[in-house]
Amino acid sequence: MLTVTDLEAGYGSIKVLRGIGFTVPAGKVVALLGGNGAGKTTTMKTIAGIVAATAGQVEFDGRRIEREPSHRIFARGLALVPQGRELFPEMTVIENLELGGLARRSTTEIAAGIAGVFAQFPRLAERAHQRAATLSGGEQQMLATGRALMSRPKLLLLDEPTTGLGPLIVAELIRIVRELNRGGQTILLVEQNVRMALAVADYVYIIRTGEIVAESEAAKLSDRDEMFRSYLG
Amino acid sequence: MSTRRIGAGIATLVLAGLLATPALAEPGVSATTIKIGMFGPLTGPVSVYGYPINNGAIAIYNEINAKGGINGRKLEIVHEDGACDPAKTRAAVKKLISRDEVFLIHGGSCSAAVFAAREEFVEEKVPFMVMAATMDKISDPMDKYIFTTTLPGSGDGRVMLDFIKTIPGVKRLAVVRNKNEWADAKLEKFNANYKAAGLEVIADVELARNATDATTQALAVKQANPDATLLVTYPGESAVFLRDALKYGLKGPYIGTNGIMDVLDLKDRAGGAEAVKDVYVSAFLKGPIGSPEMKEWTDIYVKQFPNDKLQSLSFYGMSGALTVVAALEKAGKDLTREKFIAALESINKGNAGPAFCEVQFAKDRRQGCLDGTMWTLSADGNTIVNLGPSWKKIK
Amino acid sequence: MDIATLLVAGLANGSLYSLMALGLVLVYKTQDVINFAHGEVLATGAFLGYTLYKVVGLPYPIAFVVAILLGGLLGGLIERIAFRPIAHHPHITLAMVTVGLSFALKGALRIPYGRDIYVFPPLMGHTPIMVGATAISPQSIVTIVVALMLAGALFAFFAYTTMGKQMRATQQNITGAALVGINTGRIFSFTWALSCLIGAAAGVLAGPLSLLYPDMGTNYLLKGFAAAVLGGLESVPGAMVAGLIVGVIEMLFGGLISTAFQEVSAFFIIIIVLMFRPHGLFGQKPVHRV
C-alpha cells in the first residue's frame with residue numbers, strides 16, 4: 001500500500017532523512033522504531049505532505065504523492081495522527097470529529113462516522129460536548145485517532161501515540177490498534193515505546209539518524225533483545 | 234566639522250573667488266534667471282489643499298515668464314515638499330536655502346509647519362513671502378525678512394467679530410473649534426475683544442481634526458441655545474458639524490472663518506443647501522468663483538492648469554506672487570536681497586489680484602493685507618453673495 | 629443632554645468600529661498579523677460604493693452588495709498575490725507588507741479619484757426622526773441594522789457552514805487543519821476575502837457619515853484596532869461588542885464630560901481595561917495549545 005524509496009527531507013539546511021526506504025503492505029501494522037532525533041516524526045510528516053521531500057519517492061496506493069500538498073494526500077486516503085495531536089482546542093469533541101470527515105465524506109456519512117468512533121472510544125462519547133482543550137492526554141490521543149478515522153483512511157499513520165500517557169491508557173491504545181487492524185485497517189506506527197510497538201506490529205523497521213538500520217518481522221524480536229536495544233539507544 | 238567638509242568649503246571658496254563676478258554674487262540670481270523656492274504640503278492628506286494653493290502662485294509666475302520675465306530674467310521655481318509637517322517643512326526650507334540657493338522663498342500653507350521653519354529665514358536672511366498660512370506669530374512680531382499678503386488669523390477673527398456685532402439680536406455665542414494653532418490664532422483677537430462688544434460666549438466646543446461625527450458638539454450647542462454659532466473649524470469638520478447640526482435641529486446663524494469661504498464646496502460636503510442656508514463666512518477674495526471680479530485671475534489659472542478643479546484655494550497664492558513680482562520689478566536690474574526687501578517695504582496700495590485687500594507694507598509692517606469681507610449663499614443656494622463687512626438680510 | 633440621542637449616535641459609529649474590528653480580528657486569528665492596510669480597504673469599499681451608486685447609477689442595495697463583493701474579491705487577490713508566497717515568513721514581515729499595501733492602495737485610489745473630496749449622499753436624507761426628545765438619524769439606523777445583519781450572517785457562517793467550520797479549525801490549529809484535509813491556502817484567501825468584504829461594507833456605510841478621500845480610513849482603522857484590542861484580538865463576538873462600546877464611550881464622554889477629550893476617551897478607557905484585563909474583555913489567557 002505504501003512504498004517509501006530513498007526519501008530525503010529536512011528543515012532548512014539540516015537534513016533529517018538521508019534516503020530512507022520501507023514498505024507497508026495492505027492490512028498490516030508496520031512500526032518504525034527509533035530513538036529521539038532518529039527522524040521518525042519527520043518521516044511521518046513528509047509522507048503526509050507537511051514537510052517537503054527533497055529527494056526520493058513516496059508511492060501510496062499506486063500513485064506518487066511526494067510532491068502533493070497535504071490536503072490532496074489526505075483526500076487519497078492517508079490520515080496522520082500526529083505526535084502533538086493537533087486538535088482544535090476551542091471546538092467540542094463532536095466538532096473535531098466532524099472536521100475529520102468533512103473533506104472526504106458527505107454530511108450524512110459523518111453522523112454515522114461519529115457513532116462509529118464513539119463505539120470504539122466510549123470515553124469520547126461521554127465528553128462529546130466538551131472542548132478538546134479540556135480533555136486529558138489519553139482522551140486527546142483518542143480524539144486525534146478518532147478524528148483521523150473519520151475520513152475512513154486506507155492508511156492510518158500513528159506518530160508516537162503513547163507519548164506522555166500512563167500504562168493503563170497505553171494498554172487501552174494497544175487494544176484499540178489491534179481492533180482496528182483486525183477490522184482491516186492498515187497502520188504505520190512510529191514509536192519509542194518498544195513494548196507497544198511489538199505488541200501490535202507485524203513488521204518492524206529500526207531507524208537511526210535518518211536511515212533504516214535494521215528490519216525484521218515483529219514476531220522474531222523481543223524487547224529484551226540486546227542488539228535491538230543498542231540501536232534504539 | 235570634519236576635515237573633508239572644511240576642505241570642500243575651502244575649495245568652494247577658491248572656486249567662487251575665481252569664477253564669480255560681483256554682479257552675480259547674489260544667491261539665486263543669474264543673468265537670465267531668478268530662483269524662487271516654493272514649498273507646501275505636496276504629500277499627505279493636506280496635499281488636497283497644497284496643490285491648488287501653490288498652483289495659483291505658479292500660474293502668476295508662469296504668466297510673467299510668458300510676458301518675458303522681470304528685467305530680462307525668467308523666474309525659475311524650485312519645489313520642495315513640507316507635507317504639512319513641522320520637521321519636514323523646516324528641512325524643505327533648509328534645502329531650498331542651502332542646496333538650491335534660491336533668491337527668495339514663497340510658500341507655506343500650514344501654520345504650525347511654517348512657524349517651525351521661521352527660524353531658518355531669520356537666521357539665513359532669506360526673503361520669505363508666506364503663501365497661505367494664517368498664524369499671526371509667523372509675521373508678528375515682525376522680522377525683516379518675513380512678509381505676508383494673507384489675512385492673518387487675528388484679522389479673520391476681527392472680520393467675524395465686526396460682522397457678528399451687526400447681526401440684530403445676537404448676544405450669546407457658541408464657539409465650535411478645532412484644537413490647534415490655526416484655530417487659536419483665529420480666536421486670539423476675537424477672544425480679547427468680544428466682551429467689549431457686549432457679547433458673551435456661552436459654549437466652547439471642540440471638534441477633532443478629521444472628525445467624521447459631530448453629534449456631541451451639535452447637541453452641546455443645541456443645549457446651550459446660543460443666538461449665533463462661531464465655526465472655527467477646517468472645511469471637512471465644518472461640513473460634518475453643519476450636517477449634524479441640521480440632523481439634530483440646531484438653528485443658525487453660523488459664522489465661519491475664511492477657511493470655509495468656499496461656501497458652495499461646503500454645501501456639497503455638508504450634503505445640500507439646507508445645511509448651509511444660514512452660514513456666513515469671512516472671505517479675503519474679491520468675489521466668489523465665477524464672479525466678474527475674479528475673471529482675470531480665473532483665466533490665468535485655467536490657462537496654466539486646465540485640468541484642475543477651480544476652487545477658492547486656487548487663488549490663495551496669487552496675491553503673494555503678484556507682490557513678489559511687483560517688488561522684483563521695483564528692485565531693478567541689479568537685484569539683491571536687500572534691494573528686494575526695500576522694494577517690498579515701499580509697496581503702497583499694491584495690487585493683491587483676486588484678494589479683497591490692497592497690499593500695504595512699510596518698514597515696520599509685514600502683514601500686507603488686513604481687510605476682509607463676508608459671504609453667504611443666495612436664497613436658492615446656488616450662488617455666493619458678497620455681503621461686505623456687515624450683516625444684511627438676504628431676500 | 630439627551631442620553632438616548634447620544635446612545636443611538638454612539639451605536640451607529642460603534643457598529644462601524646465593530647465591522648473594522650471584525651475584519652482585523654479575522655486576519656489576526658488566522659495569520660497572527662494585524663492588517664495595517666485595513667483602513668484603505670474601508671476607503672476602497674467607500675469609493676467602490678460611491679462609483680457604483682453615484683457614477684454607474686445602480687440602486688443602493690445592489691451597489692452595496694456589488695461593492696462589498698468586489699471588496700471581498702480584492703481581499704482574496706491580495707492574499708493570493710501578496711501574502712501566500714511569504715505565508716511562512718515571520719509575522720513581522722507580513723505586517724510590514726500590510727503597511728506597504730496600505731500605501732499602495734492609497735496610491736491606487738488616487739489614480740482615478742485624485743485629491744478631491746467626494747460626498748456620498750445619505751441613503752435616507754438628513755432629517756432626523758424624533759422620538760420624544762430623542763433625535764435619531766435615519767442613516768444611523770441603516771448603519772446599525774446593516775452592521776448587525778452582517779455580524780449575524782458572520783456568526784451563522786462560522787457556526788453552520790462547512791467553510792466556516794474549516795476557517796475556525798484553521799484559526800485554532802493550522803497543522804491540524806492540514807491533517808484533516810483542509811486546503812489551508814484556500815482558507816487564507818477566503819479569510820482575507822471575508823475580512824475585506826466586511827471592511828468594504830464598513831466603507832460603504834461610512835461614506836455618508838464621513839467624506840470620501842483616499843486617507844479616510846485612518847481614523848476608522850485606529851478605532852477599529854482599539855475595539856479589536858479591547859475585545860481581546862482573537863474574539864469575534866468580542867470585536868463586535870467592543871466596537872459598540874468604543875462608539876458609545878466616545879459619545880457619552882464627549883456629550884457629558886468634554887468634547888475636548890472625546891477622540892482620546894476610548895483609548896483612555898481601553899488602557900484602563902487592559903490594566904485589569906490584559907487579554908481584553910473577551911480574550912482568554914493564552915492557553916497551552918493541545
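Protein chains in written order, with my numbering: chain A, 1 to 233; chain B, 234 to 628; chain C, 629 to 918. Every residue gets a Cβ at the ideal spot worked out from N, C-alpha and C, and that includes glycine.
Using a C-beta cut-off of 8 Å, the region 481–498 of chain B makes contact with the region 460–469 of chain B, since at least three inter-stretch Cβ pairs fall below that distance.
Under the Cβ criterion (8 Å, minimum of three pairs), the region 674–693 of chain C does not count as touching the region 653–663 of chain C.
Here the alpha carbons of C/Q794 and C/L909 stand approximately 26 Å from one another. Only residues of its own chain outside the window of five on either side were considered, and among them G700, G703 and G704 have a CB closer than 6 Å to the CB of C/A821, listed in chain order. In terms of Cα proximity to A/A219, the closest of A/I206, A/A111, A/A199 and A/R123 is A/A199.
In the DSSP assignment, the residues bridged to B/K307 are B/T266.
Under the three-pair Cβ rule at 8 Å, the region 395–411 of chain B counts as touching the region 429–445 of chain B. Along the region 815–837 of chain C, the positions whose C-beta sits under 9 Å from a C-beta of chain B are A834, P836 and L837, read in chain order. Contact with chain C is absent for A/P167, since none of that chain's Cβ atoms lies less than 8 Å from the residue's Cβ. Per DSSP, the continuous alpha helix (DSSP H) segment holding B/A478 begins and ends at P468 to K480. Boundaries around C/V901 are those of the alpha helix (DSSP H), Q890 to F904, since no beta strand (DSSP E) includes it. In this structure, the CA atom of B/W530 is about 31 Å from the CA atom of B/R323. In the three-state reduction of the DSSP assignment, C/V857 falls in the helix class, which pools H, G and I. Using a C-beta cut-off of 8 Å, the region 17–24 of chain A makes no contact with the region 72–92 of chain A, since fewer than three inter-stretch Cβ pairs fall below that distance. Considering only C/G651, C/A665 and C/F785, the residue with the shortest C-alpha distance to C/G871 is C/G651. Note: C/F818 is not bridge-paired with any residue in the DSSP secondary-structure output.
Annotation: Cβ neighbours of A/S151 in chain C (cutoff 9 Å, chain order): V808 and G809. Beta-carbon to beta-carbon, B/A418 and B/T367 are separated by about 6 Å, close enough to satisfy the 8 Å threshold. In this structure the region 857–875 of chain C touches the region 639–653 of chain C; the number of beta carbon pairs closer than 8 Å is three or more. Sixteen is the threshold: when 16 or more other Cβ atoms of the shown chains lie within 10 Å of the Cβ of A/L7, as they do, the residue is buried.
For the region 13–26 of chain A, the set of positions with a beta-carbon nearer than 7 Å to some beta-carbon of chain C is empty. Residue burial is scored here from C-beta neighbours: A/E126 has fewer than 16 other C-beta atoms within 10 angstroms and is therefore classed as exposed. Along the length of the region 378–425 of chain B, whole beta strand (DSSP E) runs at least 3 residues long occupy 379–381 and 405–410, reported in chain order. B/V311 is not a Cβ neighbour of B/G341, given a cutoff of 8 Å. No residue range can be given for B/S545, since it is assigned to no alpha helix (DSSP H) and is classified by DSSP as neither H nor E.
Annotation: the continuous beta strand (DSSP E) that includes B/H339 extends over L337 to G340. In the three-state scheme derived from DSSP, where H, G and I count as helix and E and B as strand, C/F664 is classed as coil. At the C-beta level, B/S344 and B/I379 stay beyond 8 Å of one another. Between A/A132 and A/N96, the C-beta spacing is below 8 Å. Per the coordinates, the alpha-carbon of C/Y688 lies some 29 Å from the alpha-carbon of C/A787. Closer than 7 Å at the C-beta level to chain B, one finds these residues of the region 871–900 of chain C: M879, G882, G883, T887, A888, Q890 and E891. Between the alpha carbons of C/L837 and C/A649 lies a gap of roughly 18 Å. Assignment of beta-bridge partners to C/E862 by DSSP yields no partner.
Neighbours of C/G908 across chain A, judged by C-beta separation under 8 Å, do not exist; the nearest C-beta is about 16 Å away. Just so you know, the alpha carbons of B/F361 and B/Y467 end up roughly 25 Å apart.
The CB of A/R147 comes closer than 9 Å to the CB of G804, L807 and V808 in chain C, given here in chain order.
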